[in-house]
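Chains A and B, in that order, give the protein sequences. For the first sequence, position 268 (counting from the first letter as 1) is numbered 308 according to the working numbering, and the numbering increases by one without interruption. For the second sequence, position 388 (counting from the first letter as 1) is numbered 455 according to the working numbering, and the numbering increases by one without interruption. Using N, Cα and C, we set each Cβ at its ideal position, and we do this for glycine too. One structure is given here, and the rest of the page talks about it.
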Amino acid sequence: MSLEEDSKSDASQRVRLSTWFVLTVIVALACEVGARLDDLFFEGIPFSAAPTFEGLFIPGPNGVRLGRPNAQWKKVRLNSFGFRSPEIPKTPPAGCERWMFLGASETFGEPSVANTEYPAKLRSLLDLSSCTEIVNTAFPGLGPPFLPAYYRAAVAQYAPTKVFFYPSTHLYLGGLQGRKKPPTPPVTPNAAPIPVKPAISLAAIVNSSRVLERLHDSLHMPGFIQKRRLEKWIANAAANKPDDWRFAQVPDERLEFMLEDLRELIDAIRASGAEPILMTHAIRATYPPRAEDRSDLFAMRAYVPQASEEVLAEFEYIADDKLRELAAATNARLIDVARLMDGKRDRFIDLVHFSSQGHADVAQLIKNEMDKHAAAAR
Amino acid sequence: MLFNSFVFLFLFLPITYAVFWCLKSASQRHIWLTITGYVFYGYWDPRFCLLMAFTTLVSYTAGRALLATQDRSKRKLLMVAPITVDLLVLAFFKYAGFFTRSLNDFADILGWQADLPVLDIILPIGISFYTFHTISYIVDAYRGVIKPTKSFWEFSAYVSLFSQLVAGPIVRFREIEGDLENVGHAHRQRGLAIGLSFLAFGMFEKVLVADSLAYFVDPWLGAYQNLSTLAAWIAMLGYTFQLYFDFSGYSSMAVGLGLMFGLRIPQNFNSPYRSANPSEFWRRWHISLSTVMRDYLYISLGGNRGPKWFMYRNLMITMLLGGLWHGANWTFVVWGAYHGVLLVGYHYLSERFKFVPTGVAQLLTFVLVVIGWVFFRATDMSMAAELLTKMFTLEPGIIPDGAGKFAALVIVGGILARWSPNAFEYHNGFKPTFSKMAAAAIVFGVALALIAGSRASPFLYFQF
Numbered sequence: 041m042s043l044e045e046d047s048k049s050d051a052s053q054r055v056r057l058s059t060w061f062v063l064t065v066i067v068a069l070a071c072e073v074g075a076r077l078d079d080l081f082f083e084g085i086p087f088s089a090a091p092t093f094e095g096l097f098i099p100g101p102n103g104v105r106l107g108r109p110n111a112q113w114k115k116v117r118l119n120s121f122g123f124r125s126p127e128i129p130k131t132p133p134a135g136c137e138r139w140m141f142l143g144a145s146e147t148f149g150e151p152s153v154a155n156t157e158y159p160a161k162l163r164s165l166l167d168l169s170s171c172t173e174i175v176n177t178a179f180p181g182l183g184p185p186f187l188p189a190y191y192r193a194a195v196a197q198y199a200p201t202k203v204f205f206y207p208s209t210h211l212y213l214g215g216l217q218g219r220k221k222p223p224t225p226p227v228t229p230n231a232a233p234i235p236v237k238p239a240i241s242l243a244a245i246v247n248s249s250r251v252l253e254r255l256h257d258s259l260h261m262p263g264f265i266q267k268r269r270l271e272k273w274i275a276n277a278a279a280n281k282p283d284d285w286r287f288a289q290v291p292d293e294r295l296e297f298m299l300e301d302l303r304e305l306i307d308a309i310r311a312s313g314a315e316p317i318l319m320t321h322a323i324r325a326t327y328p329p330r331a332e333d334r335s336d337l338f339a340m341r342a343y344v345p346q347a348s349e350e351v352l353a354e355f356e357y358i359a360d361d362k363l364r365e366l367a368a369a370t371n372a373r374l375i376d377v378a379r380l381m382d383g384k385r386d387r388f389i390d391l392v393h394f395s396s397q398g399h400a401d402v403a404q405l406i407k408n409e410m411d412k413h414a415a416a417a418r
Numbered sequence: 068m069l070f071n072s073f074v075f076l077f078l079f080l081p082i083t084y085a086v087f088w089c090l091k092s093a094s095q096r097h098i099w100l101t102i103t104g105y106v107f108y109g110y111w112d113p114r115f116c117l118l119m120a121f122t123t124l125v126s127y128t129a130g131r132a133l134l135a136t137q138d139r140s141k142r143k144l145l146m147v148a149p150i151t152v153d154l155l156v157l158a159f160f161k162y163a164g165f166f167t168r169s170l171n172d173f174a175d176i177l178g179w180q181a182d183l184p185v186l187d188i189i190l191p192i193g194i195s196f197y198t199f200h201t202i203s204y205i206v207d208a209y210r211g212v213i214k215p216t217k218s219f220w221e222f223s224a225y226v227s228l229f230s231q232l233v234a235g236p237i238v239r240f241r242e243i244e245g246d247l248e249n250v251g252h253a254h255r256q257r258g259l260a261i262g263l264s265f266l267a268f269g270m271f272e273k274v275l276v277a278d279s280l281a282y283f284v285d286p287w288l289g290a291y292q293n294l295s296t297l298a299a300w301i302a303m304l305g306y307t308f309q310l311y312f313d314f315s316g317y318s319s320m321a322v323g324l325g326l327m328f329g330l331r332i333p334q335n336f337n338s339p340y341r342s343a344n345p346s347e348f349w350r351r352w353h354i355s356l357s358t359v360m361r362d363y364l365y366i367s368l369g370g371n372r373g374p375k376w377f378m379y380r381n382l383m384i385t386m387l388l389g390g391l392w393h394g395a396n397w398t399f400v401v402w403g404a405y406h407g408v409l410l411v412g413y414h415y416l417s418e419r420f421k422f423v424p425t426g427v428a429q430l431l432t433f434v435l436v437v438i439g440w441v442f443f444r445a446t447d448m449s450m451a452a453e454l455l456t457k458m459f460t461l462e463p464g465i466i467p468d469g470a471g472k473f474a475a476l477v478i479v480g481g482i483l484a485r486w487s488p489n490a491f492e493y494h495n496g497f498k499p500t501f502s503k504m505a506a507a508a509i510v511f512g513v514a515l516a517l518i519a520g521s522r523a524s525p526f527l528y529f530q531f
């Protein structure tokens, strides 16, 4: 090959590389623009906005966080009362029922998919003529210790006729934030809607890239890397802790805390004139755990590092029994989700969160139970 | 594994592509295509790889035997035996549950107690497609249309070719034989640009159009009992375009992927909603299936030969079986029968209605096709009946949220389906200019954003 041919081939190689580089940049830009246009068209999120998970909340009393009216994040759209539900009037129309659902992330549902959570599925199961409003008032991380205060501050004022609560019992093996709380003062309902704060600079837009957020949600580290990371994290959490920091067995006082909080919640619901309906907490594992349950139980230790996999599974098993006893003792109606769902692996995406089919099953169970009750009442 | 998934786009495809072009000989590439086909298929459920391997082995052996004998009766046996095996496998996995359920229902109607055990068998994905690949190979070999290949790897690469494995197009061996034989001399650069462009075109159809429509279609038709007449029409029009862009998108991606590996996969959709009569519709919709049904069933039944009623009977049988091929449900049988009636009606009346302007004929054909999709989409006959009642009587009901956006998407879908060029028209005389590649890059980028946003759904035709 001559020198001239060499330089020609080098030049064409450079052109080819530059073309691929420019095309890659176009793909990257189109990704971001596409994500924003998608959010704008389907979710109504402004093109330049930078919504965050934290933006869903406003501070409430005693460390309780309330939903920010009309806030949006991913596929979550809160209504003007700050709930993940369609718009509702302040009180239900005459002759209509209003069923409000309390709980944490299991009830709130997947943020990147709309209308797959069991309250939404129940809404679509109900006959149009039944005139029952379904309101999902749950939020991720809203464990039972917070529920009575949250109920009084954010839910009671909307005149529910029935309140279903799905307590995240496993959180009682964690840090128990929110248990030591002063009496709750009455709270004025949420202030005027606060619009989602728009991003004002290019740097802010880059930092709040929606496509990176989507990729973060849809791409996951391989299981073995996640496991290694979690092992390291648990080891750090356990470092310099006394010997009794780990739960050698199911801690009875935690079960007592749970019952105490739920009794308070039942009283608060009754005080507001609504009927409390308790649900047991289902998990993907069985007790004793099967071999295939181990990884799910271990992954949950990111939230409850003090509990071994065995203790966690046993705690859940005993907690459900305690919930059944509580329902009987307080004369509250019970929907036994755990009895239906425990150990059904394809109904969950991890230890505690339902798959789409799992949500559908729970919705169907609630409908069946309520239909049965209505038939018995007639 | 879905074409519109990250694991396919950023792991499977680059590795498959890079290794393929590092290999030099045709046989090495055949082996590599076979391996990758099985990885692609096994990603869904590795157990069913054995089934595909079994079907491949049976058909390959029969092909080799056909090559070795000229004896008529032996050749017939060598055609009938493997086809029977293929059809039995298909019947067991796809139709056993349906037939036992139907027999139980039928016995119930007659007041008998049949109580046959209904088997809940997992339907191996793509079984209808690769079974047709192998059957067409055996029949063509028997008829002498093709010379069966001696290379096992060439044949297994044909059956397990990932780009056409799970949802077609149904590529007949004769259509790809030349490219498979010459795969060792394929030109990488030539196929890459046009292949990527086809892939991006398919992404546009599937992810941007079909999946956007699905966002509304699925919840609307999920609660069809509540829909008003207008809402029922919007939902069905939405489904009409969703189905087309979903399957056409898959086919365009399959063509693009094939081109990237030096394999030309034929056109499967030619803007079917431009058709002016049912016969034309079937020449434009799922062309590979229509051609297979015509060549291996309709013509075998006698085709157009003989008296008119004979042709009508053959049309009805072909369309009924075509309907049943789509799924083990009476709704598909009715859908096939409906199209059979449309075709018979068209052949019977076409001479008398020649005066109808093309635009009117196109509109009428389109409406008739939309009505047919009601049976295709319905989960059972009662859903089909209720939806049709809603569409053709003024039913009270609701128009669900987002109707404006949904209607806008339906209009866009209609314009694209009717007036914009299809994948093959767009790529006719394709030259990889910067603007064309930039357009593909934009589509690719937007599609990736939507896939990352959990909006990507499986292809509708995977269920068949």
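message = Distance check for P328 (chain A) and S170 (chain A), CA to CA, integer angstroms please.
response = For the purposes of this step, residue 170 (chain A) is identified with residue 130 of the first sequence, where counting begins at 1. For the purposes of this step, residue 328 (chain A) is identified with residue 288 of the first sequence, where counting begins at 1. Straight-line Cα distance between these residues: approximately 42 Å.
task = Under 8 Å by Cβ, that's how I've got L374 (chain A) and R364 (chain A) pegged, so tell me the actual separation to the nearest angstrom.
result = Here the question's residue 374 (chain A) lines up with position 334 in the first sequence. Here the question's residue 364 (chain A) lines up with position 324 in the first sequence. About 6 Å separates the two Cβ atoms, so the contact holds.
query = Under the rule that 16 or more other beta-carbon atoms within 10 Å means buried, what is Q231 (chain B), buried or exposed?
reply = Residue numbering aside, residue 231 (chain B) sits at position 164 when the second sequence is read from its first letter. It is buried - the Cβ of Q231 (chain B) has at least 16 other Cβ atoms within 10 Å.
CB contact below 8 Å: S145 (chain A) versus chain B = Translated into the one-based positions of the first sequence, residue 145 (chain A) becomes position 105. False, the Cβ-Cβ gap to chain B never drops below 8 Å.
task = Establish whether the CB of S164 (chain A) and some CB of chain B are separated by less than 8 Å.
result = The count along the first sequence starts at 1 and reaches residue 164 (chain A) at position 124. So yes, S164 (chain A) belongs to the interface.
ask   = Do you know how far the Cα of L182 (chain A) is from the Cα of R387 (chain A)?
value = Taking the first residue of the first sequence as 1, we reach residue 387 (chain A) at position 347. Taking the first residue of the first sequence as 1, we reach residue 182 (chain A) at position 142. About 22 Å.
request  = Would you mind reading off the limits of the alpha helix (DSSP H) that contains N176 (chain A)?
outcome  = The sequence position of residue 176 (chain A) within the first sequence is 136, counting from 1. Not the alpha helix (DSSP H): N176 (chain A) falls in the beta strand (DSSP E), residues 172-176.
inquiry  = I'd like the span of the alpha helix (DSSP H) that includes K202 (chain A), first residue to last.
reply    = For the purposes of this step, residue 202 (chain A) is identified with residue 162 of the first sequence, where counting begins at 1. Careful: K202 (chain A) lies outside any alpha helix (DSSP H), inside the beta strand (DSSP E) at 202-206.
inquiry  = Suppose you measure from the CA of A90 (chain A) to the CA of E83 (chain A); what does that come to, to the nearest Å?
reply    = Locating residue 90 (chain A) in the first sequence gives position 50, counting from the first residue. Locating residue 83 (chain A) in the first sequence gives position 43, counting from the first residue. Cα-Cα distance, rounded: 14 Å.
key: Rounded Cβ spacing between L294 (chain B) and V477 (chain B) (contact assumed at less than 8 Å)   = For this step, residue 294 (chain B) is matched to residue 227 along the second sequence. For this step, residue 477 (chain B) is matched to residue 410 along the second sequence. Wrong, their Cβ atoms sit about 14 Å apart, outside the cutoff.
query = Around the Cβ of Q309 (chain B), are there at least 16 other Cβ atoms within 10 angstroms (buried) or fewer (exposed)?
reply = Against the second sequence, residue 309 (chain B) aligns to sequence position 242. With 16 or more other Cβ atoms within 10 Å, it is buried.
inquiry  = To the nearest angstrom, how far is the alpha carbon of D447 (chain B) from that of D172 (chain B)?
reply    = As a working mapping, residue 447 (chain B) is identified with position 380 in the second sequence. As a working mapping, residue 172 (chain B) is identified with position 105 in the second sequence. The straight-line gap from Cα to Cα measures roughly 14 Å.
P99 (chain A): first and last residue of the uninterrupted alpha helix (DSSP H) it sits in = Position 59 of the first sequence holds residue 99 (chain A). No alpha helix (DSSP H) contains P99 (chain A), which is instead part of the beta strand (DSSP E) from 97-99.
query = Residues in its own chain within less than 8 Å of E418 (chain B) by CB, not counting five upstream and five downstream?
reply = What you label residue 418 (chain B) is simply residue 351 of the second sequence in a count that begins at 1. If we look at E418 (chain B) and ignore the five residues flanking it on each side, it has no Cβ neighbours.
request  = Specify, as a first and last residue, the run of the beta strand (DSSP E) that L374 (chain A) falls within.
outcome  = The residue you call residue 374 (chain A) lines up with position 334 of the first sequence. Counting along the chain, the beta strand (DSSP E) containing L374 (chain A) begins and ends at 373-375.
message = Could you compute how far the alpha carbon of G269 (chain B) sits from the alpha carbon of G100 (chain A)?
response = As a first step, residue 269 (chain B) is located in the second sequence; it is residue number 202 there, counting from the start. As a first step, residue 100 (chain A) is located in the first sequence; it is residue number 60 there, counting from the start. Computed Cα separation, rounded: 49 Å.
request  = Per DSSP, which residues does A423 (chain A) bridge with? Please list them.
outcome  = Because chain A in this structure spans residues 41 to 418, residue 423 (chain A) falls outside the shown range and cannot be described.
key: Inter-stretch contact at 8 Å, needing at least 3 Cβ pairs: the segment 160-167 of chain B / the segment 178-192 of chain B   = yes
message = At a CB distance below 9 Å, what residues from the segment 502-513 of chain B approach chain A? Give them in sequence order.
response = M504, A505, A507, A508, I509, V510, F511, G512, V513
message = Pull the bridge partners of A347 (chain A) from the DSSP assignment, please.
response = Taking the first residue of the first sequence as 1, we reach residue 347 (chain A) at position 307. For A347 (chain A), which the question treats as bridged, DSSP gives the partners A:F287.
query = On the three-state DSSP scale, how would you describe L228 (chain B)?
reply = For the purposes of this step, residue 228 (chain B) is identified with residue 161 of the second sequence, where counting begins at 1. Coil at L228 (chain B), not helix or strand.
query = So, are the CB atoms of S195 (chain B) and W392 (chain B) less than 8 Å apart?
reply = Counting from one through the second sequence, the residue named residue 195 (chain B) turns up at place 128. Counting from one through the second sequence, the residue named residue 392 (chain B) turns up at place 325. Cβ atoms of S195 (chain B) and W392 (chain B): closer than 8 Å.
ask   = According to DSSP, is G465 (chain B) helix, strand or coil?
value = Position 398 of the second sequence, counted from the start, is the residue given in the question as residue 465 (chain B). Looking at the sequence shown, residue 465 (chain B) is not Gly but Ile. Three-state result, I465 (chain B): strand.
query = Which residue comes first and which comes last in the beta strand (DSSP E) that contains I317 (chain A)?
reply = Along the first sequence, read from residue 1 onward, the residue named residue 317 (chain A) stands at position 277. From DSSP, the beta strand (DSSP E) with I317 (chain A) extends over 315-319.
key: Spatial neighbours of S120 (chain A) in its chain, beta-carbon cut-off 7 Å, leaving aside the 5 residues before and after   = Position 80 of the first sequence, counting from 1, holds the residue named residue 120 (chain A). P109, N110, E127, P233, listed in sequence order.
Limits of the unbroken alpha helix (DSSP H) element including L430 (chain B) = As a first step, residue 430 (chain B) must be located in the second sequence, where it is residue number 363. Looking at the DSSP string, the run of the alpha helix (DSSP H) that includes L430 (chain B) is 425-444.
query = Would A505 (chain B) pass as a contact of L57 (chain A) if the rule is Cβ separation under 8 Å?
reply = Start at 1 with the first residue of the second sequence, and residue 505 (chain B) comes out as number 438. Start at 1 with the first residue of the first sequence, and residue 57 (chain A) comes out as number 17. Cβ distance not < 8 Å, so A505 (chain B) and L57 (chain A) don't count as in contact.
ask   = Is the Cβ of L78 (chain B) closer than 8 Å to any Cβ of chain A?
value = Walking along the second sequence from the start, residue 78 (chain B) turns up at place 11. No, L78 (chain B) does not count as interfacial toward chain A.
task = Answer with yes or no whether the minimum CB distance from T177 (chain A) to chain B is below 8 Å.
result = To locate residue 177 (chain A), count along the first sequence from 1; it is residue 137. No - not a single Cβ of chain B is within 8 Å of the one on T177 (chain A).
ask   = Looking at the structure shown, is M298 (chain A) part of a helix, part of a strand, or coil, going by DSSP?
value = On the first sequence, residue 298 (chain A) is found 258 positions in, with the first residue counted as 1. In this structure, M298 (chain A) counts as helix in the three-state DSSP scheme.
ask   = Which partner residues of V411 (chain B) appear in the DSSP bridge assignment?
value = The residue labelled residue 411 (chain B) in the question sits at position 344 within the second sequence. Paired residues: none, contrary to the question.
request  = Give the DSSP bridge partners of M140 (chain A), in chain order.
outcome  = Stepping through the first sequence from its first residue, residue 140 (chain A) is reached at position 100. Partner(s): A:V175, A:V203.
query = Quick one: what does DSSP say R117 (chain A) is sitting in, helix, strand or coil?
reply = Residue 117 (chain A) sits at position 77 when you count from the first residue of the first sequence. Note: R117 (chain A) maps to strand in three-state DSSP.
inquiry  = With a threshold of 8 Å between beta carbons, is G289 (chain B) in contact with chain A?
reply    = Position 222 of the second sequence, counted from the start, is the residue given in the question as residue 289 (chain B). Yes, because at least one Cβ of chain A sits closer than 8 Å to the Cβ of G289 (chain B).
task = Specify the secondary structure class of R105 (chain A) as computed by DSSP and reduced to three states.
result = Taking the first sequence and counting its residues from 1, the one referred to as residue 105 (chain A) is at position 65. Reduced to three states, the DSSP call for R105 (chain A) is strand.
task = Mind checking which residues open and close the alpha helix (DSSP H) that includes I128 (chain A)?
result = Translated into the one-based positions of the first sequence, residue 128 (chain A) becomes position 88. Careful: I128 (chain A) lies outside any alpha helix (DSSP H) and carries neither H nor E.
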